[in-house]
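To start, the structure under review is shown below, and the notes come after it.
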Amino acid sequence: MTDIPPPPQPGPAASPPGRLISLLVAAVFFVQLLDSTIIATSLPLIAADFGTDAVAMGSAFTVYLLCMAAFIPAAGSLSERFGARNLLVWAVAGFALSSLAAGLAQSFPGFIAARAAQGASAALMAPVGRILVLQHTPRSGIVQAVATITWPALFAPVLGPVVGGWISTHLGWQWNFFINLPLCLVAILLFLRLAPNRPSGSVSRFDLRGFLLTSGAIVLLLSGFEAFIAGFGALPAAVLLGLGLLAGIAALAHLRRSPAPLFDLGVLAVPAFRLTTLGPGTLCRISINASPFLLPLLFQLGFGLSAVEAGSLLLVYFLGNLAMKSVTTPVLRRFGYRRVLVWNGLAAGLAVAGFAAVPADAGRAGLWVLLFLAGLVRSMQFTALATLSVAEIEDHQRPAAMTLSAMSQQVAMVLAVACSVAVIRLSQQVSGHFPEAGIGDLRIALLVLGATGALAALRFLALHPDAGGEASGNVGRRRRRAETTA
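Taking our numbering, the leading residue of the sequence shown gets 10, the next gets one more, and so forth.
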């Protein structure tokens with residue numbers, strides 16, 4: 010990249026239908042992500058109705074996660090075959106019907122089967138929704154559009170348990186699922202009205218072998234991490250992880266030599282996509298995703314707060330995420346992706362590590378400030394990673410890019426918990442804090458995960474100074490500044 014391209018032409022970031030589609034996809038994402046966490050506080054009530062225990066009900070989470078992971082690899086290929094609009098409508102319809110089945114379930118196996126169907130539908134909603142948004146967004150509007158559809162990932166995990174607890178207490182746990190029906194119906198009608206369907210003109214045969222190998226690899230890897238988190242022992246976890254790695258190697262070999270692979274690995278040749286989706290991007294997401302898991306433990310086990318008090322503190326974290334959303338686009342336009350990802354990434358990692366230094370008797374005001382600031386930089390980093398990952402890919406690469414991105418994010422979410430648990434258990438071996446972790450063990454986990462994110466941010470120095478400049482508008486600023494000084 011030797012010449013600085015001209016600045017993007019002034020005008021709206023996207024057409025009115027494009028903006029409406031972005032908002033609609035964001036709403037669908039919010040429903041899907043909220044559903045994945047909303048039953049956390051409802052498990053005892055659901056377990057009581059089915060005559061089982063709350064621990065066994067944890068399989069509702071695991072089944073949802075694994076079925077979602079299993080079908081993500083097919084999203085890009087299916088969207089090219091059937092069109093992103095049609096596939097998203099089918100996925101939302103499947104999600105609505107499986108939500109109805111979950112609410113009407115009369116037995117534990119029936120409920121688990123419904124959750125499996127929900128996970129399979131949700132697997133297609135996220136990557137296909139992003140493809141649909143990008144189809145209706147010019148490159149100059151990518152930052153705003155992707156920032157819009159990113160906010161559910163920031164807020165839903167925080168709001169889910171709170172909303173689920175309220176609904177279960179006042180309406181019954183079944184309404185956690187029934188509320189999806191009218192929302193999904195409205196979304197389907199609006200998608201059909203606003204978004205034209207654009208299937209690919211030339212579609213090859215579906216790569217079944219690639220799907221089975223890729224899906225098997227990610228399911229085995231996530232199962233291994235889940236086995237480790239659940240404390241099933243090192244041997245079962247190691248066996249699952251080993252099988253997952255072997256399946257992953259076989260999948261990579263197949264995708265590289267196949268004339269019509271499930272998704273094209275050539276998109277990894279784009280530096281901005283590679284860095285934000287793999288390597289440093291994944292490590293940053295692991296660091297940031299660890300916070301919603303570690304902070305409630307710190308507040309309850311370390312500080313002795315109740316679940317309600319800990320939840321109220323996390324709402325301050327949520328407010329920080331929300332406050333940053335209105336300024337992410339101007340910040341990226343002013344400073345560019347490389348500087349934002351490096352300096353904000355350092356701040357995000359230090360913020361996670363900073364909670365380790367908070368004393369148990371700290372005043373609420375200081376803790377609120379740290380939570381709010383941590384929420385600000387978390388939101389900025391998530392948005393910068395999400396928007397840069399699509400800023401420099403070509404139109405024909407979008408299905409593959411969105412599929413790989415969704416797979417990477419799914420693995421990062423599980424790894425965040427797995428790495429946190431691993432550090433806590435290692436610290437317990439040294440400190441002798443059994444069966445529950447002590448505040449020192451939690452502090453060490455926060456330090457390690459925070460340092461991981463901060464160090465990973467330095468890797469973004471490898472980005473070109475103008476990376477993503479056409480999407481953010483920063484290239485135009487740099488060119489005008491250069492002309493002024495010349």
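Even for Gly, the Cβ is constructed at its ideal location relative to N, Cα and C.
Does DSSP put residue i in a helix, a strand or coil?
{"i": "L455", "result": "helix"}
{"i": "I13", "result": "Any reading at I13 is ruled out, since the residue's pLDDT is 39, under 50, leaving its predicted position unreliable."}
{"i": "P208", "result": "coil"}
{"i": "V155", "result": "helix"}
{"i": "T71", "result": "helix"}
{"i": "P268", "result": "coil"}
{"i": "R202", "result": "helix"}
{"i": "F59", "result": "helix"}
{"i": "L287", "result": "coil"}
{"i": "A23", "result": "Its pLDDT being 48, under 50, A23 is placed unreliably in this model, and the value from its coordinates should be taken loosely. Looking at A23 - three-state DSSP - the assignment turns out to be coil, as it is neither helix nor strand."}
{"i": "V340", "result": "helix"}
{"i": "H179", "result": "helix"}
{"i": "H405", "result": "helix"}
{"i": "S335", "result": "coil"}
{"i": "A299", "result": "coil"}
{"i": "Q18", "result": "Low per-residue confidence applies at Q18: pLDDT is 41, beneath 50, and the placement is therefore not dependable enough to give any value."}
{"i": "R468", "result": "helix"}
{"i": "H3", "result": "The requested residue 3 is not part of the displayed model; the chain covers only 10 to 495."}
{"i": "R214", "result": "coil"}
{"i": "P368", "result": "coil"}
With a CB to CB cut of under 6 Å and the five nearest residues on each side skipped, what residues in its chain are close to residue i?
{"i": "H145", "result": "G27 and I30"}
{"i": "G329", "result": "F381, G384 and L385"}
{"i": "A22", "result": "At A22 the pLDDT is 45, less than 50, meaning the model places this residue with poor confidence and gives no usable figure here."}
{"i": "A480", "result": "R148, I151, V152 and A400"}
{"i": "F272", "result": "G85, A409 and T412"}
{"i": "F234", "result": "V423 and A427"}
{"i": "L43", "result": "A165 and G169"}
{"i": "G103", "result": "S130"}
{"i": "Q406", "result": "V276"}
Relative to the C-alpha of residue i, which candidate in the options has its C-alpha closest?
{"i": "L467", "options": "G128, G363 and A357", "result": "A357"}
{"i": "G465", "options": "T286, D44 and G174", "result": "Here residue 465 turns out to be Ala, not Gly, going by the sequence shown. Looking at the Cα atoms, T286 is the closest of the given residues."}
{"i": "A132", "options": "V101, Q390 and R342", "result": "V101"}
{"i": "F39", "options": "A125, L54, I188 and A78", "result": "I188"}
{"i": "D450", "options": "L435, A463, I47 and N206", "result": "L435"}
{"i": "A332", "options": "L376, P280, S388 and P305", "result": "S388"}
{"i": "G372", "options": "F312, L192 and G251", "result": "F312"}
{"i": "L376", "options": "T461, G462, G290 and E318", "result": "E318"}
{"i": "G459", "options": "L254, V420 and L303", "result": "L303"}
{"i": "S300", "options": "G363, I81, H405 and G138", "result": "G363"}
{"i": "E403", "options": "I295, L455, Q438 and L277", "result": "L277"}
{"i": "L255", "options": "T291, L230 and F220", "result": "L230"}
{"i": "T551", "options": "V432, V439 and Q438", "result": "Residue numbering for the chain in the displayed model covers 10 to 495; residue 551 lies beyond these limits and cannot be assessed."}
{"i": "Q418", "options": "F186, A111, A135 and G441", "result": "A135"}
{"i": "F241", "options": "V430, A36 and I453", "result": "V430"}
{"i": "V34", "options": "A78, A162, I55 and A56", "result": "A162"}
{"i": "L322", "options": "G290, I297 and A374", "result": "A374"}
{"i": "F220", "options": "S267, F327 and P280", "result": "S267"}
Pop quiz: residue i and residue j are said to be a contact at Cβ under 8 Å. What is the actual Cβ separation, rounded to whole angstroms?
{"i": "I158", "j": "V171", "result": "Not quite, the Cβ-Cβ distance comes to about 22 Å (not below 8 Å), so this is no contact."}
{"i": "G354", "j": "C428", "result": "Wrong, their Cβ atoms sit about 17 Å apart, outside the cutoff."}
{"i": "L190", "j": "L109", "result": "6 Å"}
{"i": "R218", "j": "H263", "result": "6 Å"}
{"i": "A415", "j": "A84", "result": "7 Å"}
{"i": "A69", "j": "I140", "result": "So it is not a contact: roughly 29 Å between Cβ atoms."}
{"i": "C76", "j": "A129", "result": "5 Å"}
{"i": "L379", "j": "V361", "result": "10 Å between Cβ atoms; not a contact."}
{"i": "A421", "j": "I295", "result": "5 Å"}
{"i": "A111", "j": "L194", "result": "Contact flag wrong, Cβ pair sits at about 17 Å."}
Near residue i, which residues of its chain fall below 8 Å by C-beta distance, leaving aside the five closest residues on each side in sequence?
{"i": "V351", "result": "A466, L467, F469 and L470"}
{"i": "A156", "result": "K334, T337, T338, T392, A395 and T396"}
{"i": "V98", "result": "I197, F200 and L201"}
{"i": "D58", "result": "W182"}
{"i": "Q309", "result": "S315, A316 and A319"}
{"i": "Y73", "result": "S45, R124, A125, Q127, G128 and A131"}
{"i": "L306", "result": "A446 and L451"}
{"i": "L203", "result": "P26, L29, I30 and L33"}
{"i": "A369", "result": "G311, F312, G313 and I448"}
{"i": "T71", "result": "E235"}
Grab me the residues of residue i's own chain with a C-beta within less than 7 Å of its C-beta, minus the 5 sequence neighbours each way, in chain order.
{"i": "P19", "result": "Per-residue confidence for P19 stands at a pLDDT of 38, beneath the threshold of 50, marking its modelled position as unreliable; the derived number appears in the next sentence. None."}
{"i": "W184", "result": "I176"}
{"i": "Y346", "result": "A393, L397, L472, A476, G477 and S481"}
{"i": "M10", "result": "For M10, the predicted structure reports a pLDDT of 40, less than 50, and the residue's modelled location is therefore unreliable. A value from the coordinates is still provided. Excluding positions up to five away in sequence, the list reads H473 and D475."}
{"i": "A236", "result": "P245, A246 and L249"}
{"i": "A365", "result": "R452, L455 and L456"}
{"i": "L222", "result": "A256, A259, A260 and H263"}
{"i": "S440", "result": "G447, G449 and D450"}
Three-pair Cβ contact test at 8 Å for the region 250-265 versus the region 218-228: yes
Does the count of Cβ pairs from the region 201-208 and the region 91-107 closer than 8 Å reach three? yes
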